[in-house]
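Residue numbers (UniProt numbering): 1 to 388.
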C-alpha cells in the first residue's frame, strides 16, 4: 500500500515531517512552542497501548533546523502504561509542566494522573508526582487554559465502570480541575450532562471573555460543544454538525476570533464492524469480566475508521464550520497492533497557533498509522481551508 502524503501543492501548506520513532507504536502527540520558537512534541510510545512498556517520549524542532531531534524517553513507570501527555508553560514562572496518565494494562478505570516539571525548557524533567492523589480512573488529553485572574483550568475525564465489569468507555464523564496557587492545591467542577463526552478541549474566545469547549464522543456520532461564561461552570454539551468516530480532536482560537479545529471527517454507521473495547488486543485470557453495560441505551463504539483528517474553520464560535481534508486514507483501526502495521489511523491531532504569524499559521501534529508522529506546518490556515 502506498503511503498517503499531505500535498504541499495545496495552498497554505508548508513544512511536512515524519518525526523519528523510537518505538514500534507512537500515539497521542501534543505540541507546545517555547518563547524562542522551539517546538516541543510529546507522545506515548512502546509496543502497544496498554502494555507496561508504553512511556512518554519527546522531540524538539529548533528554529531553522532541518530536522526534529532524536526522541528521548521521559517517563519511567515500569509497571504501568503511561499515556496522553500534555504540555503547559506557567506564564508566571516559565516552568514547564507535563501531565500524563498511568494505568495497569487496559484498565483505564484504574488510571492516575501524573505530573512532572522542568526549569530548562524540557531538557530535564522532575520525578513524577500525583497532583490529584486518590482520583482513580482520571484521564487527561487536552492542555490547560489560564483564566484572566491567573487560575489554571485543566480538563479531565473519568473512566467509570460498575464493580466486576470491564471498562469499555460507556459511562465516561468530563470535569475540570482548577488551581489558583500555581498547582499547589486543586479543586474540581463536573461538566453536567457529559456522559460519553470526553477529551474536553477548552478554547478562550478572543472577542469576549467567555469560553467554548469541544468534546470527543464515545458514541462515534458527532463532536459535542459546550459554553461557559467563566471557564469553570459549563453548560451540558450538545451535538455540533461535525462528525466524530470516537477519536481525538483539537481546537484553538486565532487572534482574529475565528476558531480552527482538526478532526476526523467520519462517524459510525449501522452496518460497520465494531470492536468490543479499546484494549481487545491485549486483554488477558484469564480476564473473564463482562464488558460494562451501556448507559441510557448507549454503548461506546470502537473501530470506526479514523480517516479524512480535516482542518475546520468557524467564524461563529464553533456553531458552523467550513473544512478541508489535510490527509486521507482508509483509517483502519480495528486493531491497535503496530507490530504487524495493520493499523492505518490518522488521528489525535494537536494544534499550536504560531505567535509570529499574526494568527495565520498553525503547527499540527498527529498520529500516523500508530507508527510515528507526523507534523505539518500550515502557513495560512484560512487560505488552506478556503482553497486560496
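Backbone N, C-alpha and C define an ideal beta-carbon position, used for all residues, glycine too.
Since this is a predicted model, take the numbers as computed values, not measurements.
**Request:** Using three-state DSSP, classify residue 271 as helix, strand or coil.
**Result:** coil
**Request:** Below 8 Å on the Cβ atoms is my guess for residue 41 versus residue 59; work out the distance and round it to an integer in Å.
**Result:** 5 Å
**Asked** From residue 239 to residue 202, what distance separates their C-alpha atoms?
**Response** 16 Å
**Message:** For residue 377 and residue 77, I'd like the C-alpha separation in whole angstroms.
**Reply:** 33 Å
**Message:** Quick test of the definition: if touching needs 3 or more C-beta pairs under 8 Å, does the stretch 151–158 touch the stretch 170–177?
**Reply:** yes
**Request:** Alpha carbon to alpha carbon, how far is residue 350 from residue 289? Give it in angstroms, no decimals.
**Result:** 35 Å
**Prompt:** Can you check whether the CB of residue 96 is closer than 7 Å to the CB of residue 61?
**Reply:** no
**Asked** Where does the unbroken beta strand (DSSP E) through residue 384 begin, and where does it stop?
**Response** Premise fails: residue 384 lies in the alpha helix (DSSP H), 381–386, not in any beta strand (DSSP E).
**Message:** Using the three-state DSSP reduction, which class does residue 17 fall into: helix, strand or coil?
**Reply:** strand
**Request:** Give the DSSP-derived three-state secondary structure of residue 123 in the structure shown.
**Result:** coil
**Item:** Extent of the continuous beta strand (DSSP E) run through residue 27
**Value:** 25–33
**Prompt:** Should the stretch 284–301 be regarded as contacting the stretch 225–244, the criterion being three or more beta carbon pairs within less than 8 Å?
**Reply:** no
**Prompt:** Just the Cα atoms here: how many angstroms apart are residue 319 and residue 214?
**Reply:** 11 Å
**Message:** My output table needs one value for residue 58: the three-state DSSP class, helix, strand or coil.
**Reply:** strand
**Request:** On the DSSP bridge assignment, give the partners of residue 262 in chain order.
**Result:** 250 and 311
**Closest Cα partner of residue 35 within the set 139, 86, 146 and 93** = 93
**Asked** Taking the alpha carbon of residue 302 as the point to measure from, which residue in 54, 311, 278 and 382 has its own alpha carbon closest?
**Response** 278
**Asked** How many Å lie between residue 23 and residue 208 at the Cα?
**Response** 44 Å
**Asked** Identify the residues that DSSP records as bridge partners of residue 373: which are they?
**Response** 19 and 367
**Item:** Per-residue burial, residue 374 [other beta carbons within 10 Å of its own, 16 or more giving buried]
**Value:** buried
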